[in-house]
Amino acid sequence: MEQTTHDGTVLTVQPGLVKVQMQVLSACAACEAHARCTFSEKKDKIVDIETPQWQQYHEGDPVTVIINSGHGLLAVLLAYILPAVVILATFALLFSLHLSELWVALITLVAVALYGGILYLCRNRLQQKFTFRLAKRG
244 MEQTTHDGTV LTVQPGLVKV QMQVLSACAA CEAHARCTFS EKKDKIVDIE
294 TPQWQQYHEG DPVTVIINSG HGLLAVLLAY ILPAVVILAT FALLFSLHLS
344 ELWVALITLV AVALYGGILY LCRNRLQQKF TFRLAKRG
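For the sequence shown, the tail end lands on 381 under the working numbering, and the numbers increase by one without skipping.
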């Protein structure tokens, strides 16, 4: 399986857990004009990484965070594609039943909230699926 890597710095180390700060760049941040462009985006992300080798890391250590690319596609599916499908399907179904626009909007919002609630209830299972690994850098 393909992997995506991000460079980061260890912020804190606790038994079984390493907190890493990564600078995540948008796709256009690698462009030569990104310094003058308002569309490029650079954000600092902090991730908690559970690892049994937590003792080998110390605050300030440069590390590489490794993520399986297949998990990224699943995350996009769960966070963007499925909610859009829920919205469109609910909206189309309710409009075909000739409900008023207010009811269509309210019920569609409830459907999206239910989807979010289901994701929340499944969060422990999803956290096991979306795991990060750490590797020390030079």
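Built from N, CA and C at the ideal position, the CB exists for glycine as well.
How many whole angstroms separate the CB atoms of residue i and residue j, which I take to be in contact at a CB cut-off of 8 angstroms?
i      : j      : result
Thr255 : Glu302 : 6 angstroms
Ala318 : Phe375 : About 12 angstroms separates the two Cβ atoms, so there is no contact after all.
Gln246 : Asn311 : 6 angstroms
Val263 : Val253 : 6 angstroms
In angstroms, rounded to a whole number, what distance separates the CA positions of residue i and residue j?
i      : j      : result
Gly359 : Leu325 : 10 angstroms
Val308 : Asp250 : 6 angstroms
Ile361 : Val306 : 34 angstroms
Val261 : Pro295 : 10 angstroms
Lys379 : Ala348 : 50 angstroms
Leu337 : Leu357 : 16 angstroms
Lys288 : Met265 : 5 angstroms
Val353 : Ser339 : 18 angstroms
Lys286 : Leu331 : 31 angstroms
Gln370 : Gly259 : 15 angstroms
Leu364 : Ala335 : 27 angstroms
Asp304 : Ala327 : 40 angstroms
Thr248 : Val290 : 13 angstroms
Trp297 : Ser343 : 57 angstroms
Gly313 : Val329 : 23 angstroms
Arg366 : Leu316 : 17 angstroms
His341 : Arg368 : 39 angstroms
Nearest CA to the CA of residue i: which residue from the options?
i      : options                           : result
Thr333 : Leu345, Gly313, Thr351 and Val319 : Thr351
Tyr323 : Val355, Gln371, Asn311 and Pro258 : Val355
When we look at the beta-carbon of residue i and count the other beta-carbons within 10 Å, is it buried (16 or more) or exposed?
i      : result
Leu345 : exposed
Tyr300 : buried
Leu377 : buried
Leu320 : exposed
Task: Length-filtered (4 minimum) alpha helix (DSSP H) runs lying within the region 286-354 - done: 312-319 and 325-339
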